[in-house]
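Asks:
Residue numbers (the numbering used here): 30 to 201.
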């Protein structure tokens, strides 16, 4: 019962965030890049950190934050990880690292997941990112650009993203 309340509250928060989104900086140049990843479908985070070289960014300017539905019993060294237990039944987030990720003003935020996921959708909608990129299959209201590729084909995604960001004058 609490899970249903949690999901309903998250969907309400998503709707509120969509209404209040600030799009004034949507055309800013790419200087910082963030990734929100569903660990159930993608775990090779090193490949995402390689985007810094590909887009001529500093490694510190690329941030990866992951979501795992159920927390593993084994301890993890990942600080940038979110679980469904980090949200209460009202949909409020209780993870300080996740709050800092949301508050960071990324020039481009990539939602690296293809399915509807209330937890990740809530993070994307609450994010202060200027431009949001997602994959086909995710909620299209949350993203400014949707790319229809397989998550596993990271090289194709790199080239597609670079192509679109160049056309949109986000890369110089």
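Virtual Cβ for every residue (Gly too), placed ideally from N, Cα, C.
Could you tell me which of 132, 193, 119, 162 sits nearest to residue 175, measuring between CA atoms?
Replies: For residue 175, the nearest C-alpha among the options comes from 162.
Asks: Give the DSSP-derived three-state secondary structure of residue 43 in the structure shown.
Replies: Helix.
Asks: Quick one: give me the first and last residue of the alpha helix (DSSP H) that residue 51 is part of.
Replies: Run containing residue 51: none; DSSP gives neither H nor E here.
Asks: Which word fits residue 131, buried or exposed, when buried means at least 16 other C-beta atoms lie within 10 angstroms of its C-beta?
Replies: Counting Cβ neighbours within 10 Å, residue 131 comes out buried, since at least 16 surround it.
Asks: Could you tell me whether the Cβ atoms of residue 154 and residue 43 are closer together than 8 Å?
Replies: Result yes, Cβ atoms of residue 154 and residue 43 sit closer than 8 Å.
Asks: Does any residue of chain C bring its CB to less than 8 Å from the CB of residue 164?
Replies: This model lacks chain C altogether; it includes just one protein chain.
Asks: For the candidate residues 98, 199, 50, 184, whose alpha-carbon lies nearest to that of residue 66?
Replies: Minimum Cα distance to residue 66 is reached at 98.
Asks: Is there contact here, the segment 78 to 92 with the segment 114 to 121, by at least three beta-carbon pairs under 8 Å?
Replies: The answer is no - the segment 114 to 121 does not touch the segment 78 to 92, with fewer than three Cβ pairs under 8 Å.
Asks: Would the beta-carbon of residue 55 fall within 8 Å of that of residue 198?
Replies: For residue 55 and residue 198, no; Cβs fall outside 8 Å.
Asks: Going by the CB atoms, is the gap between residue 96 and residue 129 shorter than 8 Å?
Replies: Their beta carbons are not under 8 Å apart, which means residue 129 does not touch residue 96 by this criterion.
Asks: Roughly how many angstroms separate the alpha carbons of residue 122 and residue 80, rounded to a whole number?
Replies: When rounded, the distance between both Cα atoms is 28 Å.
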